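Chemist: Sharing a structure here in structure tokens format.
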RNA sequence: GCUGAAGUGGUGGAAUUGGUAGACACGUUGGACUUAAAAUCCAAUGUCCAUUAGGACGUACGGGUUCAAGUCCCGUCUUCAGUACCA
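In the numbering used here, the protein residues as written are 562 to 1572.
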């Protein structure tokens, strides 16, 4: 009986599906454990071997936890809204829902054949109306919330209305728009309801705001930053302009501090936490107001101007020798003097032409212009020149800085460049070469009341004094911006929003979901409206509470609906809660209280690091909002998180002839080019290397000569020219081209016939000439690159499963290397783990069936087993899956050598292997006579007594270098070890008569002889 | 520039609190079985020197600490990722 993996795997996959083996229960005596993968976007290309890496790791962990007696929730679903489906729809006219469905079917088939222990009964799809109903519902909750800075949490907006009616907004500490004016209770109560609504919108956690976007008029759409290359659209190369649009935004900035603090308690890598910390970008300092000194010469009546700056170093306020405004700063035009006007305007124009990216990338060029105006130092009252410079960005802080050249390198460089004074305000610090930017180990000098103080005290005192003057206040700044939530796309969640006189109104939750309307085309309208502008039935009737035809809009009872849709991150920001509820009980709730209470949050989350600032930050934000509003009990969604690395492709290159034709007439260029492309010559990589070193085989030289001559003849024949003395010469050269990796074997040899007959680019190579190695093989060059279709290095898991089985695939993906690491795929290596599985099989099954018996295990058998239990358990808990695969190999090698047939050893071994290779484990488990699935069999218990050794093979080293080993009893004393070793003949030989200076004996470890 | 991760045979990678560097595989070479191939099994395989015995060198590079360093410390280089004139 041989190891027939195809039928075994099919058998057990069917068994698991039929028996619902991995269905999680919301009630159990067992402790709960929630293992989640970042759900996939079902793309049309299907899975390649890189995709399941994280799923295999999480599956091993989930299966391990089941063996350890946990009630495990391990669900899977699809992030099924998204741009690729929409783009495909634009091209083909097919409805995205249809293509998405097809893609999901492929994904499901591919996932199923790898043998994951997913509870598919809880599947979610973000594009399913029953799902996005609740995405819309959460949007409404955000709309109905405001954030109290004092309590540091969100509350219902109705409470804020009550506060306004009682006391106005002067005392309330709420997060709101910058331009929110102050009003009293009396004023509030006298506002019209429209005005009240407008004001409330400034406080809601999702709100409408004018946002600058990258608008591409040609494509009629908004582009993301990374869709723009060198200022034009990536697709088509069309112009892109900055345009203001009214869009929904999410007030995530309100949660900046909690998002930052919350990181401390999470079991995430420091690398990932750092990325989020950087993104949130907290800086503590002060806001300082500088008064602009009115220009005396100006004939117009000067209004008093103020410049607000944010600084992290209020202690250095006496070191200010100039100010710099961003060229776009609104004050620039007002304060610039007549004399400087021309120069300033020229500079503004110049910097406006540079893109923000451009300005940021260029660190070396220092540029700026003096405005002619001066500000007054708040304490010394000295005039401070005001400059503009494009190193200051309008979009950060206030778009203005107080420049302290002695304490900031950029200010220092600027001052040096323009010959501005650099006052030194640090005690005993040399600033003749560079600025002193450190806050530590320095005292302030030349600074009036701050003299002699260190950073902390000086900052505090400076802020206090500024407050006394009314020219400053302590402030904390965050880099984190509010998130734009509108997308001008079709394939996303519609907003539950209609407009009455331009003011947004929420649709009552009971009428959700608002389904995506049908459109005849998925493009923006000719007027530049989003695709939903094409829908004919897209108006809200407040009487029937339903979506009705647009032509009924009367703006009294029937109103237009929102045309934007939600972004990709909407549906993925809460899906982990949806899985908690049984599919059968999902009707009235996004998840029931009981389910939310039972599963709490995700214990282990595995996914790619590309979501570090998007998905992972937005989910945390939404969870905090849902917690504040009492809908969930947890502050954080993902307790432990692991980023799996990427599996790279190993591309194969062949070298193709390329002639540089030196020919005195250009009119035949095309003819020659086509002749060359129709007569390809490929050279083996090794031979090419030799050729370059000028020691290739004679055969090769002869071949090349021949080919050159042939080519020259061919060209001559095709050029109908009576002149016979055409001056043609050929430079024979080779250029690398990708070939499909499936034509290359483990020894990097190319299957020439495969390439010749390949349908895709086969015609090109059908008559190709091949210059081989001397032994007749043809070698390719290999290089590691990202796996991609265009590089012909994509490996499809379907083929691997068909050839080697899912268990081999699972083991091999883990065996490749540490989970978090980037590593290249090489199909050739899979024979190693596949051979291991065959060996494992042979340990249980002989030619005539099962060979396992009740033989008493030997000491060695037990030692091997328990060594393996210990190592595998440690490895799984450390997510070191690659090393446990090696451990299994060692165990099976040892047990094979020991000719072990004992059931007491081989049965527990199956449980150890089952998380990694579940199909073969189930099969052998059942052959051993078990009637139940192995998946809940208890994990074997490690017994240290089997590993106790009576002797140790000591490494004996001389000056730290190991020379030989010596077997000595474990219980031998230190002195006895030393005596025995020193008396040994090999020691004497090593020492050659020298007397050692020192002998180090570490019992149980090592002996080192010095001298 | 800053932050983080990494650098070990021909390749993927092992190596516990410093204690036998290269486990386990792939590949390569040789052998067994076979008409042959596949499959399977056995052996060798870091580099260099040496017929052998054995020896020298060796974890990116240069130093240091230590009886002992891939591991700890200082400096340098390279690669990858994130971020960016953040005041």
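Cβ coordinates follow ideal geometry from the N, Cα and C atoms, glycine included.
Computed from a predicted model, the values in this text were never measured in an experiment.
According to DSSP, simplified to helix, strand and coil, what is residue 1133?
Modeler: Stepping through the first chain from its first residue, residue 1133 is reached at position 572. Correct three-state label for residue 1133: helix.
Chemist: Quick check: what's the CA-CA separation for residue 862 versus residue 895?
Modeler: Within the first chain, the letter at position 301 stands for residue 862. Within the first chain, the letter at position 334 stands for residue 895. Confidence at residue 862 is low in this model, with a pLDDT of 49, below 50, so its placement is unreliable and the value that follows should be read with caution. In a straight line, the C-alpha of residue 862 is about 12 Å away from that of residue 895.
Chemist: In chain order, what residues of the same chain have a beta carbon less than 7 Å from the beta carbon of residue 860, not counting five sequence neighbours either side?
Modeler: In the first chain, counting from the first residue as 1, residue 860 sits at position 299. Residue confidence is low: residue 860 scores 48 on pLDDT, short of 50, so the model does not pin down where it sits. Its coordinate-derived value is still stated next. Result list for residue 860: empty, nothing under 7 Å.
Chemist: Quick test of your reading: residue 686 and residue 639, contact by CB under 8 Å. State the CB separation rounded to the nearest angstrom.
Modeler: The sequence position of residue 686 within the first chain is 125, counting from 1. The sequence position of residue 639 within the first chain is 78, counting from 1. About 5 Å; that satisfies the 8 Å criterion.
Chemist: Considering only residues of the same chain and omitting the five flanking positions on each side of residue 814, which have a CB-CB separation below 8 Å?
Modeler: Here residue 814 corresponds to residue number 253 of the first chain, with the count starting at 1. Cβ within range, chain order: 736, 1039, 1041, 1042, 1043.
Chemist: Might you give, ordered along the chain, the residues of its own chain that have their beta carbon closer than 7 Å to the beta carbon of residue 1545, omitting 5 neighbours on each side?
Modeler: Position 984 of the first chain holds residue 1545. So the qualifying residues of the chain are 1527.
Chemist: Does the segment 1129-1149 come close enough to the segment 1173-1188 to have 3 or more Cβ pairs within less than 8 Å?
Modeler: Touching, per the Cβ criterion.
Chemist: Tell me where the alpha helix (DSSP H) around residue 927 begins and ends.
Modeler: On the first chain, residue 927 is found 366 positions in, with the first residue counted as 1. Here residue 927 belongs to no alpha helix (DSSP H), and DSSP marks it neither H nor E.
Chemist: Considering only the beta carbon of each residue, do residue 653 and residue 605 sit closer than 8 Å?
Modeler: Sequence index remark: in the first chain, residue 653 carries index 92 (1-based). Sequence index remark: in the first chain, residue 605 carries index 44 (1-based). Taking 8 Å as the Cβ cut-off, residue 653 and residue 605 do not qualify as a contacting pair.
Chemist: Assuming residue 837 contacts residue 1178 under a Cβ cut-off of 8 Å, what Cβ separation, rounded to an integer in Å, is found between them?
Modeler: Numbered from its first residue, the first chain carries residue 837 at position 276. Numbered from its first residue, the first chain carries residue 1178 at position 617. The pair is a contact, with the Cβ atoms about 6 Å apart (cut-off 8 Å).
Chemist: What are the uninterrupted segments assigned as beta strand (DSSP E) that are 3 or more residues long and contained completely in the segment 1325-1404, given in chain order?
Modeler: Qualifying beta strand (DSSP E) stretches, in chain order: 1330-1332, 1342-1346.
Chemist: Whole angstroms is fine: what's the gap from residue 707's alpha carbon to residue 1193's?
Modeler: As a first step, residue 707 must be located in the first chain, where it is residue number 146. As a first step, residue 1193 must be located in the first chain, where it is residue number 632. In a straight line, the C-alpha of residue 707 is about 18 Å away from that of residue 1193.
Chemist: Assuming residue 1076 contacts residue 1126 (C-beta within less than 8 Å), just tell me the rounded distance between them.
Modeler: As a working mapping, residue 1076 is identified with position 515 in the first chain. As a working mapping, residue 1126 is identified with position 565 in the first chain. Not a contact, Cβ separation roughly 12 Å.
Chemist: Please specify which runs of the beta strand (DSSP E), each continuous and at least 3 residues long, are wholly inside the segment 817-854, giving them in chain order.
Modeler: The segment 817-854 contains these whole beta strand (DSSP E) runs: 843-854.
Chemist: Check the C-beta distance from residue 840 over to residue 1483 and give it rounded, since I have them as a contact under 8 Å.
Modeler: Within the first chain, numbered from 1, the residue matching residue 840 stands at position 279. Within the first chain, numbered from 1, the residue matching residue 1483 stands at position 922. With 8 Å as the limit, residue 840 and residue 1483 do not qualify as a contact, their Cβ atoms being about 45 Å apart.
Chemist: On a Cα-Cα basis, can you pick out the residue from 700, 1473, 1302 that is closest to residue 1345?
Modeler: Translated into the one-based positions of the first chain, residue 1345 becomes position 784. The candidate whose alpha carbon is nearest that of residue 1345 is 1302.
Chemist: Just verifying my parser: in three-state terms, what is the DSSP assignment at residue 1483?
Modeler: The sequence position of residue 1483 within the first chain is 922, counting from 1. Residue state, collapsed to three classes: helix.
Chemist: Report yes or no: do three or more beta-carbon pairs, one from the segment 563-571 and one from the segment 600-616, lie closer than 8 Å?
Modeler: Segments in contact, no.
Chemist: Quick one: grab the DSSP three-state call for residue 1554.
Modeler: As a first step, residue 1554 must be located in the first chain, where it is residue number 993. If DSSP states are grouped into helix, strand and coil, residue 1554 belongs with coil.
Chemist: Can you list, in chain order, the residues of its chain whose CB lies under 8 Å from that of residue 1489, leaving out five sequence neighbours each side?
Modeler: By one-based count along the first chain, residue 1489 stands at place 928. Answer for residue 1489: 1405, 1411, 1413, 1464, 1467, 1468, 1471, listed in chain order.
Chemist: Whose C-alpha, out of 1332, 1451, 1294, 1212, is nearest the C-alpha of residue 1348?
Modeler: What you label residue 1348 is simply residue 787 of the first chain in a count that begins at 1. The option with the nearest alpha carbon to residue 1348 is 1212.
Chemist: Kindly list the residues whose CB is nearer than 6 Å to the CB of residue 733, restricted to its own chain and excluding five residues on each side of it in sequence; keep chain order.
Modeler: Taking the first chain and counting its residues from 1, the one referred to as residue 733 is at position 172. Taken in chain order, the residues that qualify are 724.
Chemist: Return the Cβ separation of residue 936 and residue 968 in integer angstroms, given the expectation that the two are a contact with Cβ distance under 8 Å.
Modeler: The sequence position of residue 936 within the first chain is 375, counting from 1. The sequence position of residue 968 within the first chain is 407, counting from 1. 18 Å between Cβ atoms; not a contact.
Chemist: Between which residues of its own chain and residue 1136 is the CB-CB distance below 6 Å, once the five residues before and five after are set aside?
Modeler: Indexing the first chain from 1 puts residue 1136 at position 575. Closer than 6 Å at the Cβ level, and outside the excluded window around residue 1136, lie 685.
Chemist: Just to confirm, is the Cβ distance from residue 657 to residue 646 under 8 Å?
Modeler: In the first chain, residue 657 corresponds to position 96, counting from 1. In the first chain, residue 646 corresponds to position 85, counting from 1. Contact: yes.
Chemist: Taking residue 1567 as the reference, which of 1556, 1145, 1514, 794 has the closest Cα?
Modeler: Position 1006 of the first chain holds residue 1567. Closest by alpha carbon: 1514.
Chemist: Report the three-state DSSP secondary structure of residue 938 (helix, strand or coil).
Modeler: Within the first chain, numbered from 1, the residue matching residue 938 stands at position 377. Residue state, collapsed to three classes: coil.
Chemist: So within the segment 1000-1058, which uninterrupted alpha helix (DSSP H) runs reach at least 4 residues, ignoring any that extend past its ends?
Modeler: Those alpha helix (DSSP H) runs which fall completely within the segment 1000-1058 and span 4+ residues are 1016-1030.
Chemist: Verify whether the separation of the beta carbon atoms of residue 811 and residue 1172 is less than 8 Å.
Modeler: For this step, residue 811 is matched to residue 250 along the first chain. For this step, residue 1172 is matched to residue 611 along the first chain. Contact flag unset, no.
Chemist: Any idea what DSSP makes of residue 1106, helix, strand or coil?
Modeler: Stepping through the first chain from its first residue, residue 1106 is reached at position 545. Coil at residue 1106, not helix or strand.
Chemist: Please go through the same chain and pick out, in chain order, the residues whose beta-carbon is closer than 8 Å to the beta-carbon of residue 702, but skip the five residues on each side of it.
Modeler: In the first chain, residue 702 corresponds to position 141, counting from 1. Excluding sequence neighbours, residue 702 sits near 1186, 1187, 1190, 1192.
Chemist: How about residue 930 and residue 962: are their beta carbons less than 8 Å apart?
Modeler: As a first step, residue 930 must be located in the first chain, where it is residue number 369. As a first step, residue 962 must be located in the first chain, where it is residue number 401. Not closer than 8 Å, so no.
Chemist: I'd like the ranges of any beta strand (DSSP E) spanning at least 3 consecutive residues and lying wholly in the segment 1125-1210.
Modeler: Whole beta strand (DSSP E) segments, 3+ residues: 1163-1168, 1199-1204.
Chemist: Return yes when the Cβ of residue 874 is within less than 8 Å of the Cβ of residue 1479, no when it is not.
Modeler: The residue labelled residue 1479 in the question sits at position 918 within the first chain. The residue labelled residue 874 in the question sits at position 313 within the first chain. For residue 1479 and residue 874, no; Cβs fall outside 8 Å.
Chemist: Answer yes or no: do residue 715 and residue 876 have a C-beta to C-beta separation smaller than 8 Å?
Modeler: Along the first chain, read from residue 1 onward, the residue named residue 715 stands at position 154. Along the first chain, read from residue 1 onward, the residue named residue 876 stands at position 315. No.
Chemist: Is residue 1111 closer than 8 Å to residue 1101 when the C-beta atoms are compared?
Modeler: Indexing the first chain from 1 puts residue 1101 at position 540. Indexing the first chain from 1 puts residue 1111 at position 550. No. Outside cutoff.
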